[in-house]
Every structure is written in C-alpha cells, then in structure tokens.
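According to our numbering, the sequence shown holds residues 100 to 411 in order. From the three backbone atoms N, C-alpha and C, an ideal C-beta is built for every residue, glycine too.
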Amino acid sequence: MAGITDMPFRRLCHELGAGLTVSEMVASDPSTWSTIKSINRTKFDQNPSRNALNIVQIAGADPKFMAAAAQYNVHLGAHIIDINMGCPAKKVCRRAAGSSLLRDIPLIKSILTAVKQSVSVPVMLKIRTGWDPTSRNAIQVAKIAEDIGISGIAIHGRTRACRFVGEVEYLSIAEVASSVDIPVFANGDITTPHKAEEVIRSTGAAAVMIGRAARGNPWIFNQIEYFLKYKKLVGPPSSAEFRRVLLKHMHWVHEFYGELIGVKIFRKHLNCYLPKSRDFTRFFNTLPTIKEQKQALVSHLDHNNKMGEKAA
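1. Return the CA-CA distance between N404 and N384, expressed in angstroms with no decimal places.
2. Could you tell me which whole alpha helix (DSSP H) segments of length 4 or greater appear in the stretch 306-368?
3. Does DSSP classify I204 as helix, strand or coil?
4. One question on the structure: do Y372 and L345 come within less than 8 Å of each other, judged by their Cβ atoms?
5. What do you get for H293, buried or exposed, if any count of 16 or more other CB atoms within 10 angstroms of its CB means buried?
6. Tell me whether E266 sits in a helix, a strand or coil according to DSSP, three-state version.
7. Kindly give me the distance between the Cβ atoms of I182 and I204, rounded to whole angstroms, as I take these residues to be in contact under 8 Å.
8. For E123, tell me which candidate among R311, R193, H174 has the shortest Cα-Cα distance.
9. State the start and end residues of the unbroken beta strand (DSSP E) segment that holds N286.
10. Below 7 Å CB to CB, which residues in the same chain sit around S278 once its five sequence neighbours on both sides are set aside?
11. Just to confirm, are N321 and L115 a CB contact at a threshold of 8 Å?
12. Under a Cβ-count criterion, where at least 16 other Cβ atoms within 10 Å of its own Cβ denotes burial, should A168 be classed as buried or exposed?
13. What are the partner residues of H255, as DSSP defines its beta bridges?
14. Classify P162 as helix, strand or coil using the three-state DSSP reduction.
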C-alpha cells in the first residue's frame, strides 16, 4: 500500500506492484474544491484494465464538511474514503486537522460517524500513536473507529510531536493490532523487503504502508511482495528497466499536469531517482520546458549507459 501520492505516481506504483494507492490530501472545505490543486488530486485513473481502486484521502476538522467531502469524492469516482488524522504538517494542524485531531476524542467520534454515515463505500482512517509521547491514545482511537464501522486503520508509528524523527514505535502498532479486529496497516521507516517482513511479523499488521521509501524507488512494492511470497530478494532494476520507468513517469507527469506545472512537479521526483547526480539534477531544475527536460534526461541516461558499458 502506498500513501499520499499524486495521480501519475499512483498509477506508476500500482503498475509496479502496490496493492493500493492513496491520493494526496483533499481539503474538506468546499471552497477549495474548484482549485486546480484539488481538481488534480481528484482525477482518477478510469482505465478498467488497470483494476485500480481509487482511494481519496480527506482532511478537515468539521464533521459536516468532512461528510460532504466524502460524498463529493465518491460522486467523482472514489471507491474508498481515507480520513487523515495523522498528518503532522503545521499548516494542517493549525486548522485543527490532521494529527491535531488526536487531542479531541469527541471530535474524532463526530467526524468518523458523520463520514461513515454519509457514504456507502468503505471508510479508512490514518492516525499516529498520539499527539506527543505523554498522550499516546492510538488504541482508544482504534477502538472507537472499529465501533463506528471504519474498515481499516493505517498507523504511523510516531506521535505528531516526533514528526519523522526517532525510532518508530512498532510496539505501539502491535498493541493496536491486537486490540481490534479490523485490519491495521503499519507505517513508518519501512524501506526494505526485510524490514517489511519484520514489521508485519512483529506487529501483527495486515499489511504495510509505504510512503517516503517509494520516492525514486517505485520498484519497492514488487520487491516486498516477492520477498514475502518466496523469501527471496529481487535485484535492483536493470538500467533498461530504470530508464523505461523513469521516462514513463516523466511522460505521465507532463501529460497529467501540462507544461507549466508538470516541469516543476517532475523536478522533485527526479531528485529522488538520481540522488547521486547532483550536478545534473541542479541543471535539470533550471529547464523550463517539457522538450528540454526530455532531451536532457534522455541524453543523461544514454551517457551513463555508455559509461557503464565501457566499465564492464
């Protein structure tokens, strides 16, 4: 399962083995739904041959707005609604949304009830272990969610105060998984097939959610799936496969967002694919057109392939 990804990357991750992919957060405030950013986040891959489920992640602090957002996104084609109560970003928490909701149990109940009653599709929940190390309440929240009829819970194994720093609390995830009967998805610092297996075994989670580790490495899903099935590692992608996927990803980003936004969006992705090629990525980040980006990346990949052949 992959979390918080834009549409081209969701499509790529699904093609490369992710069982489920989740959209970037969509604000529940109706006044934001007509913005370009929100419209792009609620465009779904409608190709039935991909057999992909559209999971939309909504964020907000008003039960009525959250229910309306759920209905709106189901109308657009969402198969599953995912409620975000785990985002630690200041701009989200300042609006009493995301992980800040973990400080308000009555409001959590109201939001979960309102969303669940507003749609007929499954509703999922994303949380952290609590607001800070002195107020961990993931078990309490998980039990409330189960009682209301939430279909599954993804847990990032840190508090909001910890953000992405420090050890992940896999023990806390295990305690949640053992306290409820609905599926629990473990999230946090899962970067390798071995780590995925270890986390599933130690926590009792039904699956793992991959976020940051997929950036620049969408092959991680197939690698994890293969290892869990056969206890064997899949090697890194060949240079030909790396080139194919990278160019496909760039094409889909350009196609989906258009030139003005697409060239900016793909710069961030390329930095993840080529973390050791700083000189090239700095140059790439200055290119303003689709044509220039494509020419530069093809030339860079061809040059590196030739250098590799000479070294061999």
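Concretely, from the data shown:
1. 22 Å
2. 319-329
3. helix
4. yes
5. exposed
6. coil
7. About 15 Å separates the two Cβ atoms, so there is no contact after all.
8. R311
9. 283-286
10. I238, A241, K242
11. yes
12. buried
13. R227, N286
14. helix
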